[in-house]
Amino acid sequence: MSSRTYRIAPSILSADFARLGEEVRDVIAGGADWIHFDVMDNHYVPNLTFGPMICQALKPHARTADGAPVPVDVHLMVEPVDALAAAFADAGADYVSFHPEASRHVHRSIQAIRSKGVKAGLVFNPGTPLDVLDWTIDDLDLVLVMSVNPGFGGQSFIDSALRKIEQLRARIDASGKDIRLEVDGGIKGDNIARVAAAGADTFVAGSAIFGKSDYRAVIDGMRAALAG
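Next comes the structure, spelled out in structure tokens:
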């Protein structure tokens, strides 16, 4: 398990919105590998969050102390997909992922994202089958498993996601492609090792990190669980 390269991707959905730039800098100083950016449209999901302008404004803050860029990982919970995917690519996103059922033409949406020089991902809800991967996996850089139903932070992990992660790990390994397997929803220090054992390598955590007094301690605790 420990031979895989893991990434911790704090979700700014749980950050203090009044000081987002500072929060991004602080969580990177605490050891974050990526910044996860949850985009909700009050249509595909009931909540409403951030637009491309906020992504563009935060991009300069997504750097380590020595100036190295930290990837901005945009998860679109919107429909339609293509126009907003392009807007977030232009705003500085490094990854843009979307839900296949939110696009009329999944392969074309993937191509549109990649044509912008951005890495493309597909997102699978708890009840969404993996069939679309039969025709798209060769063009993906990331697959994101939702271990909660999308729309709100702070939900509890759905255990059936572990089976989906195992199936995805087998598909990714069989493809021979360098594809990140990310999990979002209810990730905490006490379950992250189980999620990694199922095959995940990238972990989104919102309320488990933001709002805590010491971001470094929380992230270090997650890394210790992964190493153990």
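Residue numbers (this note's numbering): 60 to 287. By construction, the Cβ of each residue, glycine as well, lies at the ideal position given by its N, Cα and C atoms.
Residue i, enclosing beta strand (DSSP E) - first and last residue
i	result
residue 165	It is not in any beta strand (DSSP E) - residue 165 instead sits in the alpha helix (DSSP H) that spans 165-174.
residue 179	178-183
residue 111	Run containing residue 111: none in the beta strand (DSSP E); it sits in the alpha helix (DSSP H), 111-117.
residue 156	154-157
residue 241	239-243
residue 224	Counting along the chain, residue 224 falls outside any beta strand (DSSP E), though it belongs to the alpha helix (DSSP H) covering 220-234.
residue 66	66-69
Integer Cβ distance of residue i from residue j, believed to fall under 8 Å
i	j	result
residue 227	residue 202	6 Å
residue 169	residue 198	5 Å
residue 188	residue 205	So it is not a contact: roughly 13 Å between Cβ atoms.
residue 121	residue 94	5 Å
residue 141	residue 178	About 16 Å separates the two Cβ atoms, so there is no contact after all.
Straight-line gap, residue i to residue j (C-alpha atoms, nearest Å)
i	j	result
residue 85	residue 278	12 Å
residue 219	residue 113	34 Å
residue 182	residue 241	9 Å
residue 134	residue 156	5 Å
residue 105	residue 97	13 Å
residue 126	residue 215	35 Å
residue 79	residue 72	10 Å
residue 138	residue 67	27 Å
residue 158	residue 136	7 Å
residue 246	residue 163	31 Å
residue 234	residue 200	12 Å
residue 261	residue 65	6 Å
residue 248	residue 284	7 Å
residue 131	residue 90	15 Å
residue 281	residue 269	14 Å
residue 75	residue 195	36 Å
residue 243	residue 207	7 Å
residue 258	residue 144	27 Å
residue 101	residue 250	30 Å
residue 267	residue 87	15 Å
residue 180	residue 147	14 Å
residue 116	residue 110	10 Å
residue 171	residue 165	10 Å
residue 129	residue 92	6 Å
Counterpart residues of residue i in DSSP-defined beta bridges
i	result
residue 96	133
residue 202	181 and 240
residue 192	Beta-bridge pairing links residue 192 to no other residue.
residue 122	128
residue 107	100
Host alpha helix (DSSP H) of residue i (start-end)
i	result
residue 274	274-286
residue 141	141-149
residue 261	Premise fails: residue 261 lies in the beta strand (DSSP E), 261-264, not in any alpha helix (DSSP H).
residue 84	79-88
residue 254	251-257
CB contact below 8 Å: residue i versus chain D
i	result
residue 97	Of the chains in the structure shown, none is chain D; there is only one protein chain.
Residue i Cβ short of 7 Å to the ligand GTP heavy atom set
i	result
residue 85	Because no ligand of any kind appears in the structure shown, any question about the ligand GTP cannot be addressed here.
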